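Residue numbers (full-length UniProt numbering), protein chains in the order written: chain Z, 1 to 148; chain F, 1 to 148; chain U, 1 to 148; chain B, 1 to 148; chain D, 1 to 148; chain X, 1 to 148; chain A, 1 to 148; chain S, 1 to 148; chain L, 1 to 148; chain H, 1 to 148. Yeah, the Cβ is synthetic: ideal placement off N, Cα and C, and Gly gets one too. Here the structure is a predicted model, which is why all the values come from computation and not from measurement. Worksheet: the structure to be examined is printed underneath.
10 protein chains.
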Amino acid sequence: MQSREQVTQAILVAKVQKGITWQEVSEAVGQSKEWTTAGCLGQMTFNSEQAGVVAKLFDLDENAEAWLQVVPYKGSFTEAVPSDPLLYRLYEMINVYGSTIKSLIHEEFGDGIMSAIDFSMDIQREENSAGDRVSIGLSGKFLPYKSY
Amino acid sequence: MQSREQVTQAILVAKVQKGITWQEVSEAVGQSKEWTTAGCLGQMTFNSEQAGVVAKLFDLDENAEAWLQVVPYKGSFTEAVPSDPLLYRLYEMINVYGSTIKSLIHEEFGDGIMSAIDFSMDIQREENSAGDRVSIGLSGKFLPYKSY
Amino acid sequence: MQSREQVTQAILVAKVQKGITWQEVSEAVGQSKEWTTAGCLGQMTFNSEQAGVVAKLFDLDENAEAWLQVVPYKGSFTEAVPSDPLLYRLYEMINVYGSTIKSLIHEEFGDGIMSAIDFSMDIQREENSAGDRVSIGLSGKFLPYKSY
Amino acid sequence: MQSREQVTQAILVAKVQKGITWQEVSEAVGQSKEWTTAGCLGQMTFNSEQAGVVAKLFDLDENAEAWLQVVPYKGSFTEAVPSDPLLYRLYEMINVYGSTIKSLIHEEFGDGIMSAIDFSMDIQREENSAGDRVSIGLSGKFLPYKSY
Amino acid sequence: MQSREQVTQAILVAKVQKGITWQEVSEAVGQSKEWTTAGCLGQMTFNSEQAGVVAKLFDLDENAEAWLQVVPYKGSFTEAVPSDPLLYRLYEMINVYGSTIKSLIHEEFGDGIMSAIDFSMDIQREENSAGDRVSIGLSGKFLPYKSY
Amino acid sequence: MQSREQVTQAILVAKVQKGITWQEVSEAVGQSKEWTTAGCLGQMTFNSEQAGVVAKLFDLDENAEAWLQVVPYKGSFTEAVPSDPLLYRLYEMINVYGSTIKSLIHEEFGDGIMSAIDFSMDIQREENSAGDRVSIGLSGKFLPYKSY
Amino acid sequence: MQSREQVTQAILVAKVQKGITWQEVSEAVGQSKEWTTAGCLGQMTFNSEQAGVVAKLFDLDENAEAWLQVVPYKGSFTEAVPSDPLLYRLYEMINVYGSTIKSLIHEEFGDGIMSAIDFSMDIQREENSAGDRVSIGLSGKFLPYKSY
Amino acid sequence: MQSREQVTQAILVAKVQKGITWQEVSEAVGQSKEWTTAGCLGQMTFNSEQAGVVAKLFDLDENAEAWLQVVPYKGSFTEAVPSDPLLYRLYEMINVYGSTIKSLIHEEFGDGIMSAIDFSMDIQREENSAGDRVSIGLSGKFLPYKSY
Amino acid sequence: MQSREQVTQAILVAKVQKGITWQEVSEAVGQSKEWTTAGCLGQMTFNSEQAGVVAKLFDLDENAEAWLQVVPYKGSFTEAVPSDPLLYRLYEMINVYGSTIKSLIHEEFGDGIMSAIDFSMDIQREENSAGDRVSIGLSGKFLPYKSY
Amino acid sequence: MQSREQVTQAILVAKVQKGITWQEVSEAVGQSKEWTTAGCLGQMTFNSEQAGVVAKLFDLDENAEAWLQVVPYKGSFTEAVPSDPLLYRLYEMINVYGSTIKSLIHEEFGDGIMSAIDFSMDIQREENSAGDRVSIGLSGKFLPYKSY
């Protein structure tokens, strides 16, 4: 295969054909389902052993296995503002509430950011009689700006 | 005042001059600090009583108090992709992990979205010896697409 | 086939070659013509039985049948503002009347949105001696913003 | 006033201050609430008599009354893709269902468009035990392309 | 062929190879050269008989002949503002004179538009001793906005 | 006044207040209504005498009269693709028919352009029992590319 | 070949493989190196004889030879603002000095433009002890706007 | 004055009111008309003496005189692609001929750029019986990329 | 003052009028000239004491002093790609060398980023007989992506 | 191969398959690792000897070896603002600190730029007990604007 994008595409096709779930992939890889899915979708880098497991699960060749260990060009939006309704709702949340989040983090921590690298994510179903809810937990290290 | 944007601007100026925190505003209004801040920043609509409290805290005139009860044009980004580092990190999180979130929600719930309207948010400091972390919890109702 | 887009393309080619109408497809699938067409054009997800019917009608292979059951990346515009005259007129309607619709819905319901998910659509010919008219009915659940 | 935009802004300020509803404006003007609201928001042109009624209701001066009779530069989005959640849902409806609407209109009527000029709109509350719904009816003349 | 764009491309290649002029195509089809060229370039829809003539002239297969009868996605610019000097001059004409055309049409007809659907076009050489001129005549029905 | 844009704005306000038509302005200036309107809207340059007539008609001061004689920054669209329905229809005409116009001019004249500078325009009402039509005539010198 | 772009691409590949210079091509064609290069890069149209010379030099087939005689879609930037440093410097020159050029041409000639069609260009090495310089001469006919 | 842009604006207003030509300004400043005009239009930095001359000619206050000596934020286009016909023609020249200029400079000099900083420009009227021409000479130092 | 942008603007005006250098400001503040300048230009947050020094140096009122202590909306480009030649060169460096930097950092450190928050910068003149050079040193902590 | 982009792609694939590091390539080529990597990624031009070494290392054919000696179209961002987190951090550094760098260079050197052509770069690991840092040194000749 000529690029990491082709490996991602091959994984998606194999997943449809074989009926594999991300839950199963993450169990085979031995990491969280959030991180493992991100890796399979071309956003994270696998180590040699993990790449072997993924390649075997999806019947990928050796070349693809090598690509899985190369740091990819990240970013999963094909447009600056995504048109897919689920992705757009995520974008809208931070558009509408972004200034609020910025104000509250600065009130609590001062000037700086919430890291998107030293970061983890947790997605859960929240049972609710008025209709189940999606719960997304985001946890990132606070990094302060310092004067020098 | 001629627009809701001017009311937001007036609140920000008064907040600097008076040294009020969002925590204090939310306690006076009697709602969460997340929702109250969003309202003051022009993203939510106050009822008559809440608008009175906000107007009094920030010394706003009657006209401003009326604007606080009008449904605003929402959206707090001034560009499609925000340049502020804190806001950009939020955008990057959903850009890098968006395809992962989409895949995992569809695996769990089927076709549909996580609502950005029937939605709440919770921001907390997470103490950590390697440096404190910001924890953001997002909870939204799952809305399925149905055939008809 | 390597992606849902290729399946959509294959359906369009087969439709031209076989002279099938969307009305016929919807009757075979047993759903409204609006929803069925959206599904064939890659915007909705078929269940296993529906996918079988569609695959048979358009002579698609098993792989394509699997793709029809995967939640697609939605959005049928290839540009933010469509250049096709029929699509542009729809865009213009909401551009010119959007502020009106927003004002009247908020006047009737308060702050919130009209759902585009819990939503149905009905397209009919309206006979008229001055030239027939197109009638489009849109029905979506009102979802209120709530304070918390 | 120097422009039609300033007249629109003045109407919005007066509406907040006086607590007038669009329903009341449309009754005074003697037209539908949809068309009247569009006119007040700078998208339609009033005749001399209608402009007089609107100017009186909102306490506008003679100059503003003249502007209300001038054909405006139309369009109520400030960006190609609106960020306000209610307006975005309308945009999303035609983005997701646009190819469907195009296919079904062409199947029924042949090549042409649904007019956005010879057009009317009707917005109603649809009572529903599972939560009330917004119903929007769009009616536009079909205009065929002809060869020559 | 997989799409109408491929049919347009095939017509262009065949036209170069066979040295056919648009004038000849329009005479064979029995319509104006303006409409016929637009049809061959993927902007108009042929009926069954016309499609047969076009397919024969350019040696297209049956599949292509079917595509010529399907309503295409219209629009012949590949960018919002075309870079080709001839196309750009057309764009510039309406950019520089657009506000003039809008003012003069509204002065003569009131609020409304000049239809781009109930429309015809005529392109002629205008002999002139100071250098020949291109003359383009545009004729479109005036469609008034009405109140309701 | 600080800029030509402010002069244009002042002309538009005075025109509303005084109820002057472009036809009347062009008769006073002694040029066509098309060119005169373009000049008043900031797209053309008046000579000293013409500027005097325009300034008197609209009660402009000496400074404005000077600006009318300065070559302006031209272009009357505020966006690359105009949202106003009348202007958009003009844009759509050249988008849909642009490739046709390009092909037919090249077939008749060879490589080159139709000038937008050595150019005139004529707008007329075309009476028609099925509804009056707008007729726009464009005439521009053909300028050939030459090798050297 | 299916398009003029493919012919341009084939010329570039052959030029690398055969080590031909543009100077040699222009001598064979019998035109300036500036015009000839523009023609080979898909911006100008060759006559029958010139196309034959070019096709022979680069070993192109008959089909390609025909394409060289068709008026191309012009424009050699792949983005509105080019990222290549040499091309960007050209863009920057007219961005920084554009208002100056506009002012000085209008001061000398009045309202109008410098033609980009009745135009020629001359690129020379300017020897200089402080480092050689590139000298680009642009010559275009002045075309005045006239009133009518 | 609060910014260099306001100084430029003030110069333009004074130039109209006083009827000063750029030629006269450049003679007073003692530099070429090209460089002097660029400086007055906010693209170049004057030294103390030159700023004094300019300020006196246009009756600017001391504050403006100080701004003329501050390095400005350069760039005279208000859009990435300018809509003014004269500026657009300059843009089109480098769009159409850019790939040609790049190829010929690299053929002559190797990899590198033509400097837009160590650069001068010369604009002249070229008398011609077929209509006078504008001649623009650009001279920039060649800067080679080197390996290291 | 109503916003941090107005404070920045006031500092720039005062700096011109008083002839203060950034070097002097940084000595008064007691931090590096890089960080201090960034703070004055609205990119960093001063503490109470530093804000007092800055306010005094530039004669700012108490309100401005308060704004200097509020975390600003960061970003100093007014366009995604800056038009100013000095800023553009910085952008070009990372455009041309960005893929190189990415490859070399990943080769040395693995997957992760170079922090733009835990970051410092050092700008120096580098004397050189062939013309002095600007030397910019960037130092940022490496933050690795981790699996979880 | 048909283009330099395909050569770059082939190098990346071969690098993964053969497990070669950029360090090794630069040693074989005999230039710095920064410049060599930029050359392999299609941003710099190799001479004949260097191209031979690169072609041999990556098993490229003769045609590719020729392409390596042709000046490429430079620019390694696929979007104006890169989405990859490492590249974005570089972009953010110059967005946030750009106005600072501009101010400090002008304070030290006067009007002009830091060259991105007469330029070199040095990337090093900086050991640090709080986590290693990336150090990037940029060195470019200062080029002054001169009056003429």
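- Shown here, Phe-109 (chain Z) sits in a helix according to DSSP, grouped into three states.
- Taking the Cβ atoms as the reference, Pro-85 (chain F) lies roughly 5 angstroms from Ile-113 (chain Z), within the contact range of under 8 angstroms.
- Following the DSSP letters along the chain, one finds Ser-48 (chain S) inside the alpha helix (DSSP H) bounded by residues 48-57.
- With a threshold of 7 angstroms between beta carbons, Asn-128 (chain U) makes no contact with chain X.
- Interface with chain L (7 angstroms Cβ-Cβ cutoff): Gln-2 (chain S) is included.
- Restricting attention to F:Asp-132, F:Asn-63, F:Ser-83 and F:Ala-64, the CA atom closest to the CA of Asn-95 (chain Z) is found in F:Ser-83.
- Note: Leu-90 (chain X) is not bridge-paired with any residue in the DSSP secondary-structure output.
- Nearest Cα to Gly-75 (chain Z) within the set Z:Ala-51, Z:Gly-19, Z:Glu-27 and Z:Gly-42: Z:Gly-42.
- Under the criterion of beta carbons closer than 8 angstroms, Met-1 (chain S) and Ala-64 (chain S) qualify as touching, at roughly 5 angstroms.
- Excluding the 5 residues flanking it on each side, Gln-69 (chain A) has same chain C-beta neighbours closer than 8 angstroms at Thr-45, Phe-46, Asn-47, Ser-48 and Ala-51, in chain order.
- Per DSSP, Gly-39 (chain H) is one residue of the alpha helix (DSSP H) stretching across 33-40.
- Measuring C-alpha to C-alpha distances from Asp-61 (chain A) to each of D:Asn-128, D:Gln-17, D:Lys-141 and D:Ser-129 identifies D:Gln-17 as the nearest.
- Put simply, the backbone Cα of Tyr-148 (chain X) is about 59 angstroms away from that of Ser-32 (chain L).
- Against Tyr-88 (chain X), the close residues of chain U are Tyr-88 and Glu-92, in the order they occur along the chain (beta-carbon pairs closer than 8 angstroms).
- For the stretch 53-68 of chain Z, the set of residues with a beta-carbon nearer than 7 angstroms to any beta-carbon of chain H comprises Asn-63, Ala-66 and Trp-67, in chain order.
- For Trp-35 (chain B), the nearest CB of chain D lies under 7 angstroms from its own CB, placing it at the interface with that chain.
- Residues of the same chain with a CB within less than 6 angstroms of the CB of Ser-3 (chain D), apart from the 5 flanking positions on each side, do not exist.
- Chain Z places a beta carbon closer than 7 angstroms to that of Asp-118 (chain L), counting this residue as a contact.
- Under the three-pair Cβ rule at 8 angstroms, the stretch 125-138 of chain H counts as touching the stretch 103-119 of chain L.
- Against chain S, the CB of Ala-38 (chain A) has a partner CB under 7 angstroms away; the residue lies at that interface.
- Distances from the CA of Ile-136 (chain A) to each of A:Ile-20, A:Asp-111, A:Trp-22 and A:Glu-34 were compared; the closest alpha carbon is that of A:Glu-34.
- DSSP, reduced to helix, strand and coil, places Gln-124 (chain S) within a strand of the structure shown.
- DSSP, read as helix, strand or coil, puts Ala-80 (chain L) in coil.
- At the C-beta level, Ala-14 (chain D) and Val-53 (chain D) stay beyond 7 angstroms of one another.
- Out of F:Ile-20, F:Thr-8 and F:Tyr-73, the CA that lies nearest to the CA of Lys-102 (chain U) is found in F:Tyr-73.
- When secondary structure is reduced to three states using DSSP, Pro-85 (chain A) falls in the helix class.
- Taking a beta-carbon distance threshold of 7 angstroms, Val-7 (chain B) does not count as an interface residue toward chain U.
- Per DSSP, the continuous beta strand (DSSP E) segment holding Leu-143 (chain H) begins and ends at 133-144.
- With a contact defined as Cβ atoms closer than 8 angstroms, Thr-8 (chain F) and Ala-38 (chain Z) miss out at about 36 angstroms.
- Tyr-148 (chain A) has a beta carbon lying at 7 angstroms or more from every beta carbon in chain S.
- Scanning chain Z for C-beta atoms nearer than 9 angstroms to the C-beta of Val-25 (chain H) yields nothing, as the closest lies near 16 angstroms away.
- In chain order, Lys-33 and Thr-37 place their CB closer than 6 angstroms to the CB of Trp-22 (chain S), counting only its own chain and leaving out the 5 sequence neighbours on each side.
- The three-state reading of DSSP puts Ala-130 (chain F) in coil, since its state is none of H, G, I, E or B.
- Glu-5 (chain Z) sits exposed, since fewer than 16 C-beta atoms from the chains shown fall within 10 Å of its C-beta.
- With its beta carbon less than 7 angstroms from one in chain H, Lys-74 (chain Z) belongs to the interface.
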